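Peer 1: Each residue of the sequence shown is one higher than the last, beginning at 6 in this note's numbering.
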Amino acid sequence: MNDFGCSYLYKEVTMNLRRPRGTRDYLPAEMCVRRRIFERIREVFESYGYGEVQTPAFEHLELLEAKAGEEVKEQIYWFKDKAGRKLGLRFELTTSIARVVASNPVMPKPIRFYYIQPVWRYEEPQRGRLREFYHAGIELIGVKSPSADAEVIAVTCRSLKNCGLEDIKVKVNDRRIVEILLREFGISEANIETSLRILDKLEKRGRDFIIKELSKVGVSPEHGSKLIEILGSEGSNEEKLEKIEKYVKDWPEGVSGSRNLRMIIEELYDGYGFSEDTIDIDFSIVRGLAYYTGFVFEVKAEQSLDIGSVAGGGRYDNLIGLIGGRDMPATGMAIGVERLIEALRNTGNTDLNEYRISEVIVIPLGDKCKVEAIKVAETLRDEGIPTVLDVTGRRISSALEYADKMKIRYAIIVGEREIREGKYTLKNLEKWDERKLSLKEILEGIIRGKL
């Protein structure tokens, strides 16, 4: 009752505990997998001389929109801060890296950066597509040569294979070739970028959809069908190049694009040891971001084609100059970490399922043994052995049941008798045997894997 004789009405407040749509929680077992993937990717990146960078999660909106393309602009999470500035969560890292380079023009060239960071896109969640996800990528800045593009592909494929993904196909193209074909079919300069975005959906939406959408920018159904036929040329990579060169031979940019593709492929074959069936020229690959200027590629997992590409990238020679820096050639790529993990699971990769929270659990039998148990646990940790101390005071059977569920390999029982004798009861929870050993013997046995 309050001072006026009225009862307070209490309303139970319930919070919405559901995750935001398109996001995921990663518990320890899954984080162990992700950390392992990050480490293997990082190992390859650094072996090629790339240095890690980190950029803010949000940037000025005008920077993110500079060369994103209309569709991607619609996917940006953006907001106004308290000062009224428009900011947006990054949807990829390349634009942020371009800003870093533009604002630090005296850095020695070439620049080799890598990153493993989250990005955000407001798009329809589906298999292989979240609204918050991780990109692991590299940027090679300051080199115009096709050798830079070949290196980017080599780093990409070695990273994927180091994670355990062997059966991959690299699809390559040069956007300049497609742009020339679009002009040949009468598409105006104003509609080139729109047409590229339409063609980027060919694999996902199919032939009829593309023809219908191209008709909206002035391409007749007959020409649309012919264009798709040309882009889908079959045969060896050399045969595909010979066919396409007939259409672009009068356009310097098209000839340059064809020559560029040939040089990249030859370097991958001759220098990096790629097999011919790993690289596939696909003239329909254009990538969805508007900043790409030439060479582009995507990597598919042959056993997981339904999740889309697991990695992709290309050349963006105008981006740094566009946002206010010096004109500088650049190329790069990003691996979609969540798609990579899903593709690995589809291959039955058992390495991803290996997880244990700890190697050892130390169980004190009562409060009198707690201090000694702490000392034992600390000694194990000093030797680099992950160790859990049971601090619940529960029965030994309950502690062992917990250890079994957590896949802990060893249990060390610390009781008053063990303390007096200087020998502890060691249980191997995989073999279900036990023995009495000194702490020195336990350490040596665990480290050598002989217990």
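Note that CB positions come from ideal geometry on N, CA and C, so glycine has one too.
Just so it is clear, the structure is predicted and the values come from calculations on it, not from any experiment.
(1) By the 10 Å Cβ neighbour count, where 16 or more other Cβ atoms means buried, how is T397 classified, buried or exposed?
(2) Looking at I185: is its Cβ nearer than 7 Å to the Cβ of V253?
(3) For N433, report the span of its beta strand (DSSP E) as first-last.
(4) Give me the Cα-Cα distance between H65 and G27, rounded to the nearest whole angstrom.
(5) Can you give me the Cβ contacts of K248 inside the same chain, cut-off strictly under 6 Å, excluding the 5 residues immediately before and after it?
(6) First and last residue of the alpha helix (DSSP H) that includes I269?
(7) Tell me which residue opens and which closes the alpha helix (DSSP H) that R350 is part of.
(8) Whether or not the segment 291-305 and the segment 210-219 are in contact is what I'm after, with contact meaning three or more pairs of Cβ atoms, one per stretch, closer than 8 Å; do they touch?
(9) How far does the alpha helix (DSSP H) with I452 in it reach, from first residue to last?
(10) Taking a contact to mean a Cβ-Cβ separation below 7 Å, would you say R180 touches Y297 in this structure?
(11) Taking only three categories from DSSP, how would you classify P369?
(12) How many Å lie between Q59 and Q122 at the Cα?
(13) By Cβ distance below 7 Å, which residues in the same chain neighbour S314 in space, the five residues on each side in sequence not counted?
(14) Can you pull the DSSP bridge partners for F302?
(15) Among T336, S220, I362, which one has its Cα closest to the Cα of A34?
(16) Any chance you could list the beta strand (DSSP E) runs of at least 3 consecutive residues sitting entirely within the segment 104-145, in chain order?
(17) Beta carbon of E48, beta carbon of Y119: below 7 Å?
(18) Give me, in chain order, the residues of the same chain whose beta-carbon lies closer than 8 Å to that of V301; leave out the 5 immediate sequence neighbours on both sides.
(19) I'd like to know whether the C-beta atoms of M333 and G147 end up nearer to each other than 7 Å.
(20) Can you list, in chain order, the residues of its chain with a C-beta nearer than 8 Å to that of I424? Leave out the 5 residues immediately preceding and following it.
(21) Select from R267, P369, R104, R163 the residue whose C-alpha is nearest the C-alpha of E51.
(22) Return the chain-ordered list of same chain residues with a C-beta closer than 8 Å to the C-beta of D86, the five sequence neighbours on each side being excluded.
(23) Alpha carbons only, please: which of K231, V342, L405 is nearest the one belonging to E137?
(24) Please classify T199: does DSSP put it in a helix, a strand, or coil?
(25) Would DSSP call E79 helix, strand or coil?
(26) Out of V157, M338, K231, E67, which one is the CA nearest neighbour of E97?
(27) Go to V253, then tell me how far its alpha helix (DSSP H) extends in each direction, as first and last residue.
(28) On the CB-based measure, 16 or more other CB atoms within 10 Å of its CB, does T99 come out buried or exposed?
(29) Between the beta-carbon of V175 and the beta-carbon of I286, is there less than 7 Å?
(30) State the DSSP-derived secondary structure class of Y407, mapped to helix, strand or coil.
(31) In chain order, what residues of the same chain have a beta carbon less than 7 Å from the beta carbon of R126, not counting five sequence neighbours either side?
(32) To the nearest angstrom, how far is the alpha carbon of Q351 from that of S101?
(33) I143 to N242, Cα distance in whole Å?
(34) Could you compute how far the alpha carbon of D409 sits from the alpha carbon of P113?
(35) Tell me the DSSP secondary structure of A335 in three-state form.
(36) Answer yes or no: do A141 and I447 have a C-beta to C-beta separation smaller than 7 Å?
Peer 2: If we stick to the structure as given:
(1) The residue is exposed, with fewer than 16 neighbouring Cβ atoms inside 10 Å.
(2) If you check the CB distance, I185 and V253 come in under 7 Å.
(3) Unbroken beta strand (DSSP E) run through N433: 429-433.
(4) Those two C-alpha atoms are separated by around 24 Å.
(5) Shown here for K248: same chain residues with a beta carbon closer than 6 Å to its own, the five before and five after excluded, namely S238 in chain order.
(6) If you look at I269, you'll find it in the alpha helix (DSSP H) that goes 257-275.
(7) Note, R350: alpha helix (DSSP H), 342-351.
(8) By the criterion of at least three beta-carbon pairs nearer than 8 Å, the segment 210-219 is not in contact with the segment 291-305.
(9) Where I452 is concerned, the enclosing alpha helix (DSSP H) stretches over 444-453.
(10) Cβ atoms of R180 and Y297: closer than 7 Å.
(11) Looking at P369 - three-state DSSP - the assignment turns out to be strand.
(12) Annotation: Q59 to Q122 spans about 8 Å, alpha carbon to alpha carbon.
(13) E303, V304, K305, listed in sequence order.
(14) DSSP lists V177, G318 as partners of F302.
(15) The option with the nearest alpha carbon to A34 is I362.
(16) If we require 3 residues or more, the beta strand (DSSP E) runs fully inside the segment 104-145 come out as 116-125.
(17) The answer is no: Cβ separation not under 7 Å.
(18) Once the five neighbours on either side are set aside, the close Cβ partners of V301 are V177, N178, D179, R180, I290, V291, R292, G317, G318, G319, R320.
(19) The answer is yes: Cβ separation under 7 Å.
(20) If you ignore the 5 residues before and after I424, its C-beta comes within less than 8 Å of the C-beta of C374, E377, all in its own chain and listed in chain order.
(21) Comparing C-alpha distances from E51 to each of R267, P369, R104, R163 shows the shortest one belongs to R163.
(22) Apart from sequence neighbours up to five positions away, the residues of its chain that approach D86 with a beta-carbon distance below 8 Å are L92, ordered along the chain.
(23) Per the Cα distances, V342.
(24) DSSP places T199 in helix when its eight states are reduced to three.
(25) Three-state result, E79: coil.
(26) The residue among V157, M338, K231, E67 with its C-alpha nearest the C-alpha of E97 is M338.
(27) Judged by DSSP secondary structure, V253 falls within the alpha helix (DSSP H) whose first and last residues are 242-253.
(28) With 16 or more Cβ atoms within 10 Å of its Cβ, T99 is classed as buried.
(29) Note that the C-beta distance between V175 and I286 is not below 7 Å.
(30) Here Y407 sits in helix by DSSP.
(31) Closer than 7 Å at Cβ, skipping near neighbours: Q80, F96, R136.
(32) Looking at the sequence shown, residue 351 is not Gln but Asn. Roughly 33 Å separates the two Cα atoms.
(33) Approximately 26 Å, taken between the alpha carbons.
(34) Near 54 Å, if we compare the C-alpha coordinates of P113 and D409.
(35) In the structure shown, A335 adopts extended strand secondary structure according to DSSP, grouped into three states.
(36) Judged by their CB atoms, A141 and I447 are not nearer to each other than the 7 Å cut-off.
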